[in-house]
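J.: Would you mind keeping the following structure in view while I ask a few things?
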Ligand code: HEM
Ligand SMILES: Nc1ncnc2c1ncn2[C@@H]1O[C@H](COP(=O)(O)OP(=O)(O)OP(=O)(O)O)[C@@H](O)[C@H]1O
Ligand SMILES: Nc1ncnc2c1ncn2[C@@H]1O[C@H](COP(=O)(O)OP(=O)(O)OP(=O)(O)O)[C@@H](O)[C@H]1O
Ligand SMILES: [Mg+2]
Ligand SMILES: [Mg+2]
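Chains as they are written, first to last, in the numbering used here: chain Z, 1 to 247; chain R, 248 to 481; chain B, 482 to 715; chain S, 716 to 919; chain P, 920 to 1123.
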């Protein structure tokens, strides 16, 4: 089957498609969130050692995973943008950065508020925490670089280079931080030695992860629509859009 | 010859490297005061910490490796904005990008010069600074070895950041923001090596990781920086 | 009127101060990303230290005050070169020096704007950073109080350095070199106050010294910086 | 009346000019000419009180003035190579800010009128970043008109101006001189101003 | 032969030019004119391979070239607004360095001869910092002569040159064209070159 990718890679065709896809993913995300929250807060039992506080896991782990995953996706689009000089890939990368930063921030936030009851502190220089913090800095760096460059075409390329360099570095950072931490001392709280996670909790976490994932897709698509409109505002097809004609 | 692609080059990589290295060193030596300023900055930052924290020997020697590494990193950072900006301002950068020589080789030469001017002095000064923090002989040796392997990585990664922020609003601080997170592994392995030897552990793992990082950075960074330079000229 | 001397002024000091403050804030707010970059730089430097030294809580809380102060100082330092350089490059500085308003008042307004843009955010972010280092409530309060008194001094003294190095080769590093020794007392009193409160000692001596420093700097620095600006224009 | 007596300028080790004496009466524009690097800009900056001459005195209305002297700062409008515009601010904000700095207190309507007069009305809300060189210089012209100073010091005022802009400048200068103002201008191109009001000084 | 097809340039959201097609044969100089800000510099940079045109293709000898293409880099000598001189190096060092960068390998005698030809011989050991703007441009002329490229791209080549320098440039350009070279020059002032070798392109 021959799909004409270039057809869909044109902002003019992609704009309406993105709108339809975004709506679909948003509905899916809403449904999964409802299911996930129900499992997490109603079905799952209270934890023997941590009490109710452990329920943060249903937000914490999905957002932490998404923070890392989105960076990979962003790097993928950046590579396409540099390799094939496609405008749309750069716009996709641009639209993902704020969502990724938000996910990293949420993971940090929920983690910190989880740490208070369980470890007695908001923050410890634990490997995962530290590498998530640095990941947040990388996202913010990409966003800051984008804001500092006036010409969008130049910003696309510069951000793509930065994202790819960061993509090489993210695993290195992850392992270095992990290693650094264990060199000095044993982990203050070992998560792996905790009793095997109950199936119901795992289900809840997975459902929430998908909810989170779909929500990210929906938001990214909406954002890319906005970016397309802003960048192509000189083009004829934008002027012909019903929403634009009305104003 | 069929050299149709923008990334297809004429060869002459060694010439290009030597040209850029020689030129940038010549310029740096004519403006000797800059070298001195670089060293003094390092010395001052290293001196500030005991003042701000505590003069206690034990604590100082624990903090020492970390502080010396952070100071090296900040010294590198401070000199990065000038790496390409002056060449862009006077038009040399255009001429480099239009040279038949491969741009990544030219950029490598500039990076090497940058390290010789900003990194090497820090490496050479660090034993004296380490004495201030009460580090002993082996620890100092590991510190120097780590800095010798790590500071070139700082110049290499820094070159990418410097090229990306060329002519961009808020240059210096933005550059710091982009580059510092990428410096983290160097910092951890470098300072970690000294900590390891002070704790009686083996240091080869840390140093080999730094060495591996140096090789990866040396192979990749000039290409990324050259790409960023071209983007900046566009 | 007999206004014959170059240091004899027309009055209008308040107008001049308000004009410069409002103008520089407006410009800073238009380039909002710069504000964010400033904050992020501080956050990253604060993060680097535990990575380079040790994640151990006890040690961290001992180092904490010093590190947070040094980071504040470096954040101020990094933004100094832009304090007058942009105005010189686009010719605004000439017009300021030729204004009938007293130049020290204009310079004061610019310094105030600089502090609001670079110092105040650091003061506001420092409690969160302090939590990362495991400082407790009172220590954090003293830290914030110290920074609130001390960071304006950094901007004031920095202005003199920024004006002195206007248009000088190797500006950024030279500026660091000139200014850092003058920052040392601020650093010692500021970090010392937190150390004192953590050791159960009284902090008023340290904080009053910072306050006194602020008054002296506020009265003297604008005149020195204005004189340096005139020299730079010559 | 502006007088210069025995002015000299040195740059590094080389002498630019020496023993330069002249005076500019009210209603007269002094046009300074000379090849590149002869010191036109240096002279103008000294007259504006931005730098100290290597030797000699400058008098305004008979009173010797030093650099940054208050009477000079109240009398001079200086337009150098750089337009003193902030890229981030709009044309209107820039003009208002510069006028306030010079001690003038124009109303928003005055500002808009001044921008209209230099044909920048439609661009008044654009950030200066997007203005062309010529449009930027026009804001400088509007500033000159707003701040009402006795002595205009203009360094290459027609650079980057097109024919219309040059005519605008000439008109403004004419009015300024007719009103008893003084001007000193360094320029390569001749100014289209009433010849009787022009005095010349060559540094070659 | 250099061909441009349907070139367009955009800066921010505004279109500078569109659908621009032309060709430059060997032995011909294309003179690009247009008011300030019409995109002359932008066009020249695109032709030199320094930036990607918003639309259209550039061909050298029939082969489409992208920015920084190797064949372009071997064919083009670009002289932009900035002279690419390092203040710290002497005139001679600067010239030697620039020639090497362009792949030429002149002997010290060649360098001195080239500097003599542009009447900079006596200044050859001075650091570029102390040279006037016009003298700096002359080093650029010497560079053009040394590097021997087929296609000269010159942005406002006569700026800051005095009469003698302008004549020097015209002579060199004449010789270059007579030898089968091509040139594209953006200029406000006319070039004193054999009229039959000149083609014109106006961006207004
Ligand atoms: C600001 C603080 C925190 C951050 C930035 C953070 C970050 C992360 C990240 C990045 C992951 C997923 C990556 C991986 O699996 O290795 C994760 C997973 C997890 N985190 Fe956190 N975390 C924080 C605090 C906490 C706290 C306080 C707890 C509980 C006491 C916690 C419990 C968990 C659990 C149970 C997982 C799932 C582990 C698994 O994959 O089995 N986290 N966190
Ligand atoms: N800050 C400086 N330091 C050293 N030399 C300088 C400085 N500024 C100018 N010069 C030199 O002083 C000389 C006179 O410069 P000036 O700008 O006054 O000349 P000008 O007549 O205005 O020239 P132009 O026609 O190019 O504007 C020149 O040779 C110049 O190189
Ligand atoms: N980097 C840039 N970003 C945004 N706009 C730019 C940039 N460079 C140039 N421009 C704008 O693009 C337009 C064309 O500029 P260009 O320099 O090509 O014109 P030009 O014809 O060479 O003008 P001049 O005669 O002044 O040299 C101008 O309006 C300019 O303001
Ligand atoms: Mg001049
Ligand atoms: Mg141009």
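We put the CB at the ideal spot given by N, CA and C, even for glycine. Given the structure is predicted, the values throughout are model-derived calculations rather than measurements.
Identify which residue in P/921, P/1079, P/1076, P/1061 has its Cα closest to the Cα of residue 990 of chain P.
T.: In the fifth chain, the residue the question calls residue 990 of chain P occupies position 71. Selected option, being the one with the closest Cα: P/921.
J.: Please find out if some non-hydrogen atom of ligand 4 comes closer than 6 Å to the beta-carbon of residue 756 of chain S.
T.: Within the fourth chain, the letter at position 41 stands for residue 756 of chain S. Under cutoff, so the answer is yes.
J.: List the residues of chain R whose Cβ lies closer than 9 Å to the Cβ of residue 700 of chain B, in chain order.
T.: One-based indexing of the third chain puts residue 700 of chain B at position 219. By Cβ distance, chain R contributes nothing, its closest Cβ being about 26 Å from residue 700 of chain B, past 9 Å.
J.: Does any C-beta atom of chain P lie closer than 7 Å to the C-beta of residue 338 of chain R?
T.: In the second chain, residue 338 of chain R corresponds to position 91, counting from 1. So, interface residue.
J.: Is there a C-beta anywhere in chain B that falls below 7 Å from the one on residue 288 of chain R?
T.: Position 41 of the second chain, counted from the first residue, corresponds to residue 288 of chain R. At a cut-off of 7 Å between beta-carbon atoms, residue 288 of chain R makes contact with chain B.
J.: Run through DSSP, which three-state label would residue 607 of chain B get?
T.: For the purposes of this step, residue 607 of chain B is taken as residue 126 along the third chain, with counting starting at 1. Residue state, collapsed to three classes: helix.
J.: Whole angstroms are fine: how far does the CA of residue 1077 of chain P sit from the CA of residue 1108 of chain P?
T.: The residue labelled residue 1108 of chain P in the question sits at position 189 within the fifth chain. The residue labelled residue 1077 of chain P in the question sits at position 158 within the fifth chain. Rounded to whole angstroms, residue 1108 of chain P to residue 1077 of chain P spans 8 Å at the Cα level.
J.: So, residue 564 of chain B versus residue 595 of chain B, is the Cβ gap smaller than 7 Å?
T.: Residue 564 of chain B sits at position 83 when you count from the first residue of the third chain. Residue 595 of chain B sits at position 114 when you count from the first residue of the third chain. Taking 7 Å as the Cβ cut-off, residue 564 of chain B and residue 595 of chain B qualify as a contacting pair.
J.: Quick one: complete alpha helix (DSSP H) runs, 4+ long, within the segment 394–441 of chain R?
T.: none
J.: Run through the DSSP bridge pairs and tell me what residue 1037 of chain P is partnered with.
T.: In the fifth chain, counting from the first residue as 1, residue 1037 of chain P sits at position 118. For residue 1037 of chain P, which the question treats as bridged, DSSP gives no partner whatsoever.
J.: Using beta carbons (cut-off 7 Å, strictly below), is residue 149 of chain Z in contact with chain R?
T.: Sequence index remark: in the first chain, residue 149 of chain Z carries index 149 (1-based). Chain R contact via Cβ: present.
J.: If you draw a straight line from the alpha carbon of residue 333 of chain R to that of residue 412 of chain R, how long is it in whole angstroms?
T.: For the purposes of this step, residue 333 of chain R is identified with residue 86 of the second chain, where counting begins at 1. For the purposes of this step, residue 412 of chain R is identified with residue 165 of the second chain, where counting begins at 1. Taking the straight line joining both Cα atoms gives about 13 Å.
J.: Can at least three beta-carbon pairs, one atom from the segment 623–635 of chain B and one from the segment 516–534 of chain B, be found at a separation below 8 Å?
T.: Cβ pair count under 8 Å is below three, so no.
J.: Between which two residues does the beta strand (DSSP E) harbouring residue 936 of chain P extend?
T.: The count along the fifth chain starts at 1 and reaches residue 936 of chain P at position 17. First-last of the beta strand (DSSP E) with residue 936 of chain P: 933–943.
J.: Assuming residue 461 of chain R and residue 374 of chain R make a contact with CB atoms under 8 Å, what is their CB distance in whole Å?
T.: To locate residue 461 of chain R, count along the second chain from 1; it is residue 214. To locate residue 374 of chain R, count along the second chain from 1; it is residue 127. At roughly 21 Å, the Cβ-Cβ gap does not stay under 8 Å, so residue 461 of chain R and residue 374 of chain R are not in contact.
J.: When we look at the beta-carbon of residue 498 of chain B and count the other beta-carbons within 10 Å, is it buried (16 or more) or exposed?
T.: For the purposes of this step, residue 498 of chain B is taken as the residue at position 17 of the third chain. Its Cβ being crowded by 16 or more others within 10 Å, residue 498 of chain B is buried.
J.: Comparing C-alpha positions only, which one of B/494, B/625, B/616 sits nearest to residue 589 of chain B?
T.: The residue given as residue 589 of chain B occupies position 108 in the third chain. Of the candidates B/494, B/625, B/616, the one whose C-alpha sits nearest the C-alpha of residue 589 of chain B is B/494.
J.: Just checking my contact of residue 1088 of chain P with residue 941 of chain P at CB under 8 Å: how many whole Å lie between their CB atoms?
T.: On the fifth chain, position 169 is the one that residue 1088 of chain P refers to. On the fifth chain, position 22 is the one that residue 941 of chain P refers to. Between residue 941 of chain P and residue 1088 of chain P the Cβ distance is about 23 Å, and since that is not below 8 Å, they are no contact.
J.: Tell me whether the beta-carbon of residue 757 of chain S lies closer than 7 Å to the beta-carbon of residue 720 of chain S.
T.: Residue numbering aside, residue 757 of chain S sits at position 42 when the fourth chain is read from its first letter. Residue numbering aside, residue 720 of chain S sits at position 5 when the fourth chain is read from its first letter. Not in contact: residue 757 of chain S and residue 720 of chain S (Cβ atoms no closer than 7 Å).
J.: Under a CB-based cut-off of 7 Å, is residue 502 of chain B close to chain R?
T.: One-based indexing of the third chain puts residue 502 of chain B at position 21. Chain R, which has no Cβ nearer than 7 Å to the Cβ of residue 502 of chain B, makes this no.
J.: Does any residue of chain S bring its CB to less than 7 Å from the CB of residue 1051 of chain P?
T.: Residue mapping note: residue 1051 of chain P aligns to position 132 of the fifth chain, counting from 1. Chain S, which has a Cβ nearer than 7 Å to the Cβ of residue 1051 of chain P, makes this yes.
J.: Figure out for me which residue from Z/162, Z/213, Z/17 has the closest Cα to the Cα of residue 77 of chain Z.
T.: Position 77 of the first chain holds residue 77 of chain Z. The shortest C-alpha separation from residue 77 of chain Z is found at Z/162.
J.: Specify the secondary structure class of residue 746 of chain S as computed by DSSP and reduced to three states.
T.: Within the fourth chain, numbered from 1, the residue matching residue 746 of chain S stands at position 31. The answer is strand: DSSP assigns residue 746 of chain S an E or B state.
J.: Cβ closer than 8 Å: which chain P residues qualify as neighbours of residue 346 of chain R?
T.: Along the second chain, one-based indexing puts residue 346 of chain R at 99. Those within 8 Å of residue 346 of chain R in chain P are 992, 1020, 1021, 1022.
J.: Between the segment 522–536 of chain B and chain Z, which residues of the former have CB atoms less than 8 Å from a CB of the latter, in chain order?
T.: Along the segment 522–536 of chain B, the positions whose C-beta sits under 8 Å from a C-beta of chain Z are 524, 525, 528, 531, 532, 535, 536, read in chain order.
J.: Taking 7 Å as the threshold (C-beta atoms), are residue 973 of chain P and residue 1019 of chain P in contact?
T.: Looking up residue 1019 of chain P in the fifth chain gives position 100. Looking up residue 973 of chain P in the fifth chain gives position 54. Contact flag unset, no.
J.: Would you identify the three-state DSSP class for residue 77 of chain Z, choosing helix, strand or coil?
T.: Your numbering for residue 77 of chain Z matches position 77 in the first chain. Residue 77 of chain Z falls in the helix class under three-state DSSP.
J.: Mind listing the chain R neighbours of residue 1111 of chain P? Cutoff is C-beta to C-beta under 8 Å, in chain order.
T.: Along the fifth chain, one-based indexing puts residue 1111 of chain P at 192. Under the 8 Å cutoff, chain R gives no residues; its nearest Cβ is about 26 Å from residue 1111 of chain P.
J.: How far does the beta strand (DSSP E) with residue 819 of chain S in it reach, from first residue to last?
T.: For the purposes of this step, residue 819 of chain S is taken as residue 104 along the fourth chain, with counting starting at 1. Unbroken run through residue 819 of chain S: none, as it is neither H nor E.
J.: Take residue 425 of chain R and list the residues in its own chain whose beta-carbon comes closer than 6 Å to its own, dropping the five residues that flank it on each side.
T.: Within the second chain, the letter at position 178 stands for residue 425 of chain R. Within the same chain, residue 425 of chain R has close Cβ partners 408.
J.: Apart from the five residues just before and just after residue 212 of chain Z, which ones in its own chain have a Cβ nearer than 7 Å to its Cβ?
T.: Residue numbering aside, residue 212 of chain Z sits at position 212 when the first chain is read from its first letter. Within the same chain, residue 212 of chain Z has close Cβ partners 62, 63, 66.
J.: If you check the beta carbons only, do residue 1094 of chain P and residue 948 of chain P fall under 7 Å apart?
T.: Along the fifth chain, one-based indexing puts residue 1094 of chain P at 175. Along the fifth chain, one-based indexing puts residue 948 of chain P at 29. Between residue 1094 of chain P and residue 948 of chain P, the CB-CB gap reaches or exceeds 7 Å.
J.: What are the residues of the segment 963–988 of chain P that lie near chain R, defined by any Cβ-Cβ distance shorter than 9 Å?
T.: 964, 967, 968, 969, 970, 971, 982, 983, 984, 985, 986, 987, 988
J.: Can you list, in chain order, the residues of its chain whose CB lies under 7 Å from that of residue 217 of chain Z, leaving out five sequence neighbours each side?
T.: Counting from one through the first chain, the residue named residue 217 of chain Z turns up at place 217. Closer than 7 Å at the Cβ level, and outside the excluded window around residue 217 of chain Z, lie 25.
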